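Residue numbers (my numbering): 243 to 621.
Structure record follows, encoded as C-alpha cells.
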C-alpha cells in the first residue's frame with residue numbers, strides 16, 4: 243500500500259517536471275521568435291526636441307573697390323602718342339594722363355580758318371558792289387548785293403562757330419586731364435593705337451571717399467541689419483589679415499535663388515535674397531583686398547527646435563515620426579507614429595516648429611517607416 247502511494251506521488255512529480263519543462267520551452271521559443279521578429283523591424287535613431295534660439299548664419303565675401311571710380315576716355319578715337327601714368331599712381335587735379343595725336347584736328351582747323359578768310363574776302367567784295375550800286379541807283383544790283391551780304395554774314399557766323407567747336411575739341415581731346423586728385427586704378431590706353439570711344443582709357447578713383455564692397459545674402463540672415471549700422475569686416479591682403487569697421491550703406495532686394503534643399507522633389511525651395519553694400523574708411527585697406535563679413539541673426543525668444551533630418555514632407559505638409567511605447571507581458575513594444583507639424587522658420591540644420599508637444603523623435607531609420615509600425619529603438 244505504501245509502495246503504491248509512493249509510486250503515484252513519483253508520477254505526479256514527474257508530470258509537474260515535464261509540465262514545467264514544457265512551459266519553459268514555450269517561453270523560450272516565444273522569446274526566441276520575438277527576438278527573430280525584432281531583427282526584421284526597422285532600427286531607428288532618436289533625438290529629443292529641444293527649446294532654444296534658431297540661429298541663422300551666413301558668410302558674405304567680396305573684393306574692395308573705390309567708392310568713386312570715374313572712367314576717362316577720348317571720345318574722338320584719336321591715336322595715343324604717350325601715356326604719362328601707370329596703375330597705382332597718385333595724380334593731382336590738372337595732371338596730364340594721356341597725350342593723343344591731334345595733327346589731323348589741327349590741320350582741319352587751319353583749313354576751316356582759310357575758308358573763313360575766303361568768306362570774309364567775298365563779303366568785302368559784296369559790300370563794295372553794294373556801295374557802287376547805291377551810288378549808281380541800280381536797284382537790281384542793290385538787291386542782289388544786299389542778299390549776298392546777308393548770306394555771307396550767315397556763312398561767316400556758321401564758320402566761326404565751327405572753328406570754335408573744333409578748337410574746343412582740340413583742347414578737350416589732345417590730352418586726357420585728371421579732373422580731380424585721385425588714384426589711377428586702371429590703364430587701358432595703348433601707345434600707337436587709337437583710343438576706344440566705347441571704353442575708358444584711364445579709370446581714376448577718388449580715394450577720399452573710401453572703399454566699398456557688396457554681396458548677396460539670404461533675407462532671413464539680414465533681417466536684423468539696419469542702414470548706417472556699423473559692422474565688423476575681416477580684410478585679407480598680402481600684408482596679412484585685419485579686422486576693420488564698416489558701415490552698411492545699402493540694403494536692397496535682389497533676385498531670389500533656388501536653394502536646392504527641398505525635402506519634396508516636386509517642390510522648389512526659393513530663398514529670398516538681399517544685396518548688401520558696405521563702405522570702409524580705413525587707411526590700411528586697399529583696393530582689391532578680399533573681405534569677409536560674418537552675419538548672425540537669432541530669434542528673439544526660445545522656440546521648439548527639431549533637426550531638419552527628422553522632418554519629412556509630402557502633399558499634405560510637413561511631419562515627423564515620434565516613438566510610442568506600449569507595455570506588454572514580454573516587455574515594452576515600440577511603434578512609429580506620424581505627427582503633423584508646422585514649420586515657421588529653419589536654417590541649414592534645424593527648424594522652428596509650432597503645434598508640437600515635446601516627444602522623442604525618430605531621426606533616421608534603417609528602413610522606410612509606416613505610421614503605427616513596430617520599430618527597434620536600440621539603433
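Just so it is clear, CB atoms sit at the ideal spot from N, CA and C, and this is done for glycine as well.
In this text, all values refer to a predicted model and were calculated from it rather than measured experimentally.
How long is the line joining the alpha carbons of residue 278 and residue 592, rounded to whole angstroms?
Residue placement at residue 278 is flagged as unreliable, the pLDDT there being 46, under the threshold of 50; the coordinate-derived value follows with that caveat. CA-to-CA, the gap between residue 278 and residue 592 works out to about 36 Å.
Reduced DSSP secondary structure (H/G/I, E/B, other) of residue 372
Under the three-state reduction of DSSP output, residue 372 falls in the helix class.
Rounded C-alpha distance that separates residue 531 from residue 617:
Straight-line Cα distance between these residues: approximately 56 Å.
What do you get for residue 332, buried or exposed, if any count of 16 or more other CB atoms within 10 angstroms of its CB means buried?
Flag for residue 332 reads exposed.
Burial state of residue 508, where buried means 16 or more other Cβ atoms lie within 10 Å
The predicted position of residue 508 is uncertain, since its pLDDT is 45 and thus under 50; a value taken from the coordinates is nonetheless stated next. Flag for residue 508 reads exposed.
Please state whether DSSP places residue 618 in a helix, a strand or coil.
Three-state result, residue 618: strand.
Go ahead and label residue 594 buried or exposed: buried means 16 or more other beta carbons lie within 10 angstroms of its beta carbon, across all protein chains shown.
Buried, since its Cβ has 16 or more Cβ neighbours within 10 Å.
Considering only C-alpha positions, which residue in the set 589, 561, 525, 596 is nearest to residue 580?
Looking at the Cα atoms, 561 is the closest of the given residues.
Taking the beta strand (DSSP E) that residue 288 belongs to, which residues open and close that run?
For residue 288, the enclosing beta strand (DSSP E) stretches over residues 286-290.
Does residue 318 come out as helix, strand or coil in the three-state DSSP assignment?
Residue state, collapsed to three classes: coil.
For the structure I just gave you, are there three or more beta carbon pairs, one from the region 487-500 and one from the region 509-529, closer than 8 Å?
The region 487-500 vs the region 509-529: in contact.
The beta strand (DSSP E) that contains residue 391, what's its start and end?
Judged by DSSP secondary structure, residue 391 falls outside any beta strand (DSSP E) and instead within the alpha helix (DSSP H) spanning 381-415.
Leaving out five residues before and five after residue 408 in sequence, what residues of the same chain have Cβ atoms less than 8 Å from its Cβ?
Answer for residue 408: 347, 350, 351, 354, listed in chain order.
For residue 555 and residue 583, the rounded distance between their alpha carbons:
Distance between residue 583 and residue 555, taken at the CA atoms: about 10 Å.
Thinking C-alpha only, which one of 382, 471, 337 is nearest residue 424?
Of the candidates 382, 471, 337, the one whose C-alpha sits nearest the C-alpha of residue 424 is 337.
Excluding the five sequence neighbours on either side, which residues of its own chain have a C-beta within less than 8 Å of the C-beta of residue 357, listed in chain order?
Non-local beta-carbon contacts of residue 357 in its own chain, meaning distances under 8 Å to residues more than five positions away in sequence, involve 401 in chain order.
State whether the region 365-376 contacts the region 384-399, with contact taken as three or more CB pairs (one from each stretch) at a distance under 8 Å.
Counting Cβ pairs under 8 Å, three or more are found: they touch.
Over what stretch of residues does the beta strand (DSSP E) that includes residue 327 continue unbroken?
From DSSP, residue 327 is part of no beta strand (DSSP E); its letter is neither H nor E.
Can you tell me the Cβ-Cβ gap for residue 491 and residue 520, rounded? I've got them flagged as a contact below 8 Å.
That belief holds up - the Cβ atoms of residue 491 and residue 520 are roughly 7 Å apart, short of 8 Å.
In chain order, what residues of the same chain lie with their CB nearer than 8 Å to the CB of residue 319, ignoring the 5 residues before and after it?
Sequence-distant Cβ neighbours of residue 319 in its own chain, meaning closer than 8 Å and more than five residues away, are 436, 437, 438, 439.
Since residue 447 is in the beta strand (DSSP E), which residue starts that stretch and which ends it?
Looking at the DSSP string, the run of the beta strand (DSSP E) that includes residue 447 is 444-447.
For the structure I just gave you, are there three or more beta carbon pairs, one from the region 306-315 and one from the region 441-451, closer than 8 Å?
Short answer: they touch.
Using only alpha-carbon positions, find the residue among 587, 609, 607, 578 that is nearest to residue 601.
Ranking the options by Cα distance to residue 601, first place goes to 578.
Could you tell me the alpha carbon to alpha carbon distance between residue 587 and residue 567, rounded to whole angstroms?
The straight-line gap separating the alpha-carbon atoms of residue 587 and residue 567 is approximately 30 Å.
Tell me the DSSP bridge mates of residue 525?
Bridge partners of residue 525 according to DSSP: none are assigned.
Tell me where the alpha helix (DSSP H) around residue 463 begins and ends.
461-464 is the extent of the alpha helix (DSSP H) around residue 463.
Could you give the DSSP three-state label for residue 536: helix, strand or coil?
Of the three classes helix, strand and coil, the one that applies to residue 536 here is strand, per DSSP.
Assign residue 366 to one of three DSSP states: helix, strand, or coil.
Note: residue 366 maps to helix in three-state DSSP.
Suppose contacts are defined by Cβ-Cβ distances below 7 Å. Is residue 325 in contact with residue 305 by that definition?
By the CB criterion at 7 Å, residue 325 and residue 305 fall outside the cutoff.
Cβ-Cβ distance between residue 292 and residue 453 below 7 Å
At least 7 Å separates the beta-carbon of residue 292 from that of residue 453.
Sorry if obvious, but does the Cβ on residue 330 come closer than 6 Å to a heavy atom of the ligand ATP?
Summarising the ligand content, the structure contains no ligands, and the ligand ATP is consequently not present.
Check each candidate in 342, 405, 377 and name the one with the smallest Cα separation from residue 417.
Distances from the CA of residue 417 to each of 342, 405, 377 were compared; the closest alpha carbon is that of 342.
Which residue from 596, 429, 327 puts its Cα closest to that of residue 544?
Ranking 596, 429, 327 by Cα distance to residue 544 puts 596 first.
8 Å CB neighbourhood of residue 411 in its chain, flanking five on each side removed:
Around residue 411: 318, 347.
As a quick exercise: from 576, 475, 450, pick the residue whose alpha carbon is nearest that of residue 534.
The candidate whose alpha carbon is nearest that of residue 534 is 475.
Could you tell me the alpha carbon to alpha carbon distance between residue 335 and residue 456, rounded to whole angstroms?
Approximately 29 Å, taken between the alpha carbons.
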